[in-house]
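Trainee: Provided herewith is a single structure, encoded as structure tokens, for subsequent inquiry.
Number of protein chains: 2
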Amino acid sequence: MNRIQNLFGIAYPIVQAGMIWCSGWELASAVSNTGGLGIIGAGSMYPEVLRDQIIKCKAATAKPFAVNVPLLYPSIEEHMATIIELGVPIVFTSAGNPRAWTAHLKSHGIRVVHVVSSVKFALKAQAAGVDAVVAEGFEAGGHNGREETTTMCLVPAVSDALDVPVIAAGGIGDARSVLAAFALGAEGVQIGSRFVATIESSAHQAFKERVVAANEGDTALRLKPLTPVRLLDNAFAQKVAAAEAEGADSETLSELLGRGRAKRGMFEGDLEEGELEIGQVSGQIDAIQPAARVVEELVNGYRSLTKGMSDPKFQW
Amino acid sequence: MNRIQNLFGIAYPIVQAGMIWCSGWELASAVSNTGGLGIIGAGSMYPEVLRDQIIKCKAATAKPFAVNVPLLYPSIEEHMATIIELGVPIVFTSAGNPRAWTAHLKSHGIRVVHVVSSVKFALKAQAAGVDAVVAEGFEAGGHNGREETTTMCLVPAVSDALDVPVIAAGGIGDARSVLAAFALGAEGVQIGSRFVATIESSAHQAFKERVVAANEGDTALRLKPLTPVRLLDNAFAQKVAAAEAEGADSETLSELLGRGRAKRGMFEGDLEEGELEIGQVSGQIDAIQPAARVVEELVNGYRSLTKGMSDPKFQW
Numbered sequence: 007m008n009r010i011q012n013l014f015g016i017a018y019p020i021v022q023a024g025m026i027w028c029s030g031w032e033l034a035s036a037v038s039n040t041g042g043l044g045i046i047g048a049g050s051m052y053p054e055v056l057r058d059q060i061i062k063c064k065a066a067t068a069k070p071f072a073v074n075v076p077l078l079y080p081s082i083e084e085h086m087a088t089i090i091e092l093g094v095p096i097v098f099t100s101a102g103n104p105r106a107w108t109a110h111l112k113s114h115g116i117r118v119v120h121v122v123s124s125v126k127f128a129l130k131a132q133a134a135g136v137d138a139v140v141a142e143g144f145e146a147g148g149h150n151g152r153e154e155t156t157t158m159c160l161v162p163a164v165s166d167a168l169d170v171p172v173i174a175a176g177g178i179g180d181a182r183s184v185l186a187a188f189a190l191g192a193e194g195v196q197i198g199s200r201f202v203a204t205i206e207s208s209a210h211q212a213f214k215e216r217v218v219a220a221n222e223g224d225t226a227l228r229l230k231p232l233t234p235v236r237l238l239d240n241a242f243a244q245k246v247a248a249a250e251a252e253g254a255d256s257e258t259l260s261e262l263l264g265r266g267r268a269k270r271g272m273f274e275g276d277l278e279e280g281e282l283e284i285g286q287v288s289g290q291i292d293a294i295q296p297a298a299r300v301v302e303e304l305v306n307g308y309r310s311l312t313k314g315m316s317d318p319k320f321q322w
Numbered sequence: 007m008n009r010i011q012n013l014f015g016i017a018y019p020i021v022q023a024g025m026i027w028c029s030g031w032e033l034a035s036a037v038s039n040t041g042g043l044g045i046i047g048a049g050s051m052y053p054e055v056l057r058d059q060i061i062k063c064k065a066a067t068a069k070p071f072a073v074n075v076p077l078l079y080p081s082i083e084e085h086m087a088t089i090i091e092l093g094v095p096i097v098f099t100s101a102g103n104p105r106a107w108t109a110h111l112k113s114h115g116i117r118v119v120h121v122v123s124s125v126k127f128a129l130k131a132q133a134a135g136v137d138a139v140v141a142e143g144f145e146a147g148g149h150n151g152r153e154e155t156t157t158m159c160l161v162p163a164v165s166d167a168l169d170v171p172v173i174a175a176g177g178i179g180d181a182r183s184v185l186a187a188f189a190l191g192a193e194g195v196q197i198g199s200r201f202v203a204t205i206e207s208s209a210h211q212a213f214k215e216r217v218v219a220a221n222e223g224d225t226a227l228r229l230k231p232l233t234p235v236r237l238l239d240n241a242f243a244q245k246v247a248a249a250e251a252e253g254a255d256s257e258t259l260s261e262l263l264g265r266g267r268a269k270r271g272m273f274e275g276d277l278e279e280g281e282l283e284i285g286q287v288s289g290q291i292d293a294i295q296p297a298a299r300v301v302e303e304l305v306n307g308y309r310s311l312t313k314g315m316s317d318p319k320f321q322w
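Chains A and B are the protein sequences, given in the same order. Going by my numbering, the residue at position 159 of the first sequence is 165; the numbering climbs one at a time, nothing skipped. Going by my numbering, the residue at position 52 of the second sequence is 58; the numbering climbs one at a time, nothing skipped.
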């Protein structure tokens with residue numbers, strides 16, 4: 007047992023990322039039931055939707071699960087009140103100041119984890135009292151840090167700087183990258199893209215199939231003057247790229263983005279005009295699988311790799 | 007012994023990157039003498055300088071060493087003729103079409119390795135007949151790919167796509183990242199930044215000290231419309247960033263860059279107006295050491311980590 011397994015009370019230190027439009031109760035409960043940690047992504051949910059999702063998740067699993075709340079969410083007070091009222095045991099916060107809610111949540115016995123993209127933000131999260139951090143590298147899908155530090159460089163740096171345990175995120179999709187994350191100093195991994203391509207993910211079927219079809223090089227970090235976000239290439243992403251090449255400011259990009267593009271792409275399946283948030287690791291995902299199968303493959307593959315360290319390839 | 011050790015005839019599959027202005031015969035021979043593979047970076051050398059460097063390197067070590075040649079180098083015929091004449095056993099090529107020189111070099115018994123930033127270029131290099139590829143991620147210093155694929159995502163993807171062995175580069179500076187690279191499928195690592203900060207590196211002392219002082223987040227990929235290159239932040243890098251934010255085209259950036267900036271920064275020690283090429287991993291480098299000490303630390307640390315796989319942190 008390592009510190010992340012102990013902290014969450016889970017069999018495997020594999021966390022399914024809370025993702026807008028993709029991770030509802032079906033995915034979260036499936037992952038938790040298999041022994042990992044499932045997360046409901048509250049960023050795309052109205053308060054009454056989140057309440058319903060938590061109730062359904064609790065009915066579907068007796069195991070620990072979490073809710074991810076972006077700290078800039080407009081109705082955050084309602085989200086947090088629901089989380090506390092319904093006894094959610096673990097909260098992952100992201101995109102905001104960890105001092106805002108950490109102490110309050112912890113006073114209700116909730117474990118709090120904050121997502122960071124740099125050593126500086128990791129130290130701030132630790133000072134705010136979080137139980138662990140997710141160190142998320144440049145290769146991750148969706149919203150991303152301005153430092154552009156990759157998982158390979160971020161995880162050792164954050165591990166060295168903090169006392170609390172580190173969960174690695176960004177670029178992790180198979181047993182090899184799970185082992186790499188642990189080698190770098192992580193005690194857990196958070197995986198997003200691979201879980202988008204599961205049966206239980208609430209992503210639109212067309213988006214799941216697009217993720218499976220993606221090749222290396224098909225994503226890029228866009229909308230940097232606004233908020234950096236990693237997107238799959240499509241008509242919308244190309245419009246953004248063209249505007250950025252001309253030096254578009256955040257206002258212009260905000261107009262181009264408009265409202266509801268993420269829902270349109272990931273939930274409604276508009277593969278050309280929607281915003282398709284996914285990580286670089288999508289290039290290596292080649293099947294839509296049950297979430298339990300994904301967890302099993304990661305655990306078995308990881309165990310096999312660590313046992314295989316006596317192979318001549320690793321011994322020198 | 008793995009395939010990279012066999013291919014080069016070296017004790018440890020640790021390659022010191024060929025770097026302009028930083029890796030002459032003193033660094034290359036020191037690394038080769040310790041059991042890794044040292045590389046002379048020919049991209050910043052006039053033909054007569056390269057000849058002199060190879061002669062000195064051969065006098066300083068009886069072990070295998072290599073020369074790195076950027077394929078866009080203007081006097082490349084002279085470089086290649088010198089390499090063949092003086093019996094250099096291994097050539098690393100980069101930044102150009104691997105079909106141009108691979109067959110010719112191999113017909114003289116030279117091992118050829120090409121540096122790639124994507125699966126597409128890796129397949130082209132293999133088709134050109136190279137003996138191995140270096141898969142270099144976005145976090146690497148200096149010239150970089152347009153795909154922005156990180157080491158964590160690039161190495162597994164290239165390993166899966168190729169039959170020839172893969173050397174991982176980008177973000178590798180300590181034993182943890184060496185093990186991560188091997189976990190991802192590499193059979194060797196190429197390390198640049200850490201070797202810039204060695205006694206034997208020909209980098210200016212002020213640049214070495216700046217590398218040691220660097221923190222996570224201090225580098226960025228600049229000059230993308232021209233050729234993407236990872237630079238340490240300084241007055242020059244900020245001018246470039248400002249121009250890029252206004253949508254500067256390649257011509258404007260080329261004028262801003264001018265001539266001789268890399269030499270000015272890395273070799274002459276102008277830390278504000280020079281071009282300081284270095285990787286993200288510079289944030290974790292905290293001492294200027296003898297090259298042999300670096301190799302020893304990496305080898306001993308790696309062995310200790312692989313033996314430590316029975317630790318509860320790794321066993322779940």
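Yeah, the Cβ is synthetic: ideal placement off N, Cα and C, and Gly gets one too.
Per DSSP, R236/A is paired with what?
Mentor: DSSP lists G148/A and L227/A as partners of R236/A.
Trainee: Secondary structure at L78/A, three-state DSSP: helix, strand or coil?
Mentor: Looking at L78/A - three-state DSSP - the assignment turns out to be coil, as it is neither helix nor strand.
Trainee: Is E252/A close to chain B, meaning its C-beta is less than 8 Å from at least one C-beta of that chain?
Mentor: At least one chain B Cβ lies under 8 Å of E252/A.
Trainee: At a CB distance below 7 Å, what residues from the stretch 51–63 of chain B approach chain A? Give them in sequence order.
Mentor: Hits within the stretch: zero.
Trainee: Leaving out five residues on either side along the sequence, give the residues of the same chain with a beta carbon under 7 Å from the beta carbon of A167/A.
Mentor: So the list reads V125, A128 and L129, once near-sequence residues are dropped.
Trainee: What does DSSP give as the partner residues of S100/A in its beta bridges?
Mentor: According to DSSP, which records beta bridges pairwise, S100/A is partnered with P76/A.
Trainee: Which residue's Cα is closest to the Cα of I291/A: E302/A, L259/A, M272/A and G179/A?
Mentor: The candidate whose alpha carbon is nearest that of I291/A is G179/A.
Trainee: Check whether the stretch 130–144 of chain B and the stretch 110–124 of chain A touch, using three or more Cβ-Cβ pairs below 8 Å as the test.
Mentor: No: the two stretches stay apart, fewer than three of their Cβ pairs being nearer than 8 Å.
Trainee: Could you work out which residues of chain B lie near F188/A, taking near to mean beta carbons separated by less than 8 Å?
Mentor: Those within 8 Å of F188/A in chain B are K319 and F320.
Trainee: Taking C-beta to C-beta, are A192/B and V172/B nearer than 8 Å?
Mentor: Yes; because the gap between Cβ atoms is below 8 Å, this pair is in contact.
Trainee: Which complete beta strand (DSSP E) runs does the stretch 178–202 of chain B hold, if anything under 3 residues is left out?
Mentor: Entirely contained in the stretch 178–202 of chain B, the beta strand (DSSP E) runs reaching 3 residues are, in chain order, 194–197.
Trainee: Closest to D224/A by CA distance: which of K230/A, N240/A and K214/A is it?
Mentor: Of the listed residues, the one whose Cα sits closest to D224/A is N240/A.
Trainee: Output yes if chain A places a C-beta closer than 8 Å to the C-beta of S183/B; else output no.
Mentor: True, the Cβ-Cβ gap to chain A drops below 8 Å.
Trainee: Pick helix, strand or coil for F273/B, following the three-state DSSP scheme.
Mentor: Three-state DSSP puts F273/B in a helix.
Trainee: In the DSSP assignment, find the unbroken beta strand (DSSP E) run with E142/B in it and report its ends.
Mentor: Its beta strand (DSSP E) spans residues A138 to E142.
Trainee: Should M315/B be labelled buried (16 or more other beta-carbon atoms within 10 Å of its own) or exposed?
Mentor: By the 10 Å Cβ count, M315/B comes out buried.
Trainee: Any chance you could list the beta strand (DSSP E) runs of at least 3 consecutive residues sitting entirely within the stretch 7–88 of chain B, in chain order?
Mentor: With a minimum length of 3 residues, the continuous beta strand (DSSP E) runs that stay inside the stretch 7–88 of chain B are 20–22, 44–47 and 71–76.
Trainee: List, in chain order, every chain B residue whose beta-carbon is nearer than 7 Å to that of Q11/A.
Mentor: The contacting residues are W322.
Trainee: Cβ closer than 9 Å: which chain B residues qualify as neighbours of E222/A?
Mentor: The contacting residues are S124, V125, K126, E153, T155, C159, L160, A163, V164 and A167.
Trainee: Quick one: is F71/B near chain A, going by C-beta distance under 8 Å?
Mentor: Closer than 8 Å: no.
Trainee: Is the CB of N8/A under 8 Å away from at least one CB in chain B?
Mentor: Yes, N8/A counts as interfacial toward chain B.
Trainee: Once DSSP output is grouped into helix, strand and coil, what is the label at E283/A?
Mentor: Note: E283/A maps to strand in three-state DSSP.
Trainee: Anyone know if the C-beta pair for Q213/B and L277/B falls short of 8 Å?
Mentor: According to the sequence shown, residue 213/B is Phe rather than Gln. Yes, they are a contact pair.
Trainee: Of the residues F320/A, A181/A, G30/A and L229/A, which one's Cα is nearest the Cα of S207/A?
Mentor: Comparing Cα-Cα distances from S207/A to each of F320/A, A181/A, G30/A and L229/A, the minimum goes to G30/A.
Trainee: With 8 Å as the threshold, decide whether the Cβ of L229/A is near any Cβ in chain B.
Mentor: Answer no: the Cβ-Cβ gap between L229/A and chain B never drops below 8 Å.
Trainee: Kindly give me the distance between the Cβ atoms of F98/B and A133/B, rounded to whole angstroms, as I take these residues to be in contact under 8 Å.
Mentor: Not really, about 18 Å apart at Cβ, beyond 8 Å.
Trainee: Please report whether the beta-carbon of L282/A lies at a distance below 8 Å from any beta-carbon of chain B.
Mentor: No, its Cβ sits nowhere closer than 8 Å to a Cβ of chain B.
Trainee: Per DSSP, I173/B forms a beta bridge with which residues?
Mentor: Partner(s): V140/B and G194/B.
Trainee: State the Cα-Cα distance for the pair R9/A and T88/A, rounded to the nearest angstrom.
Mentor: Distance between the alpha carbons of R9/A and T88/A is about 28 Å.
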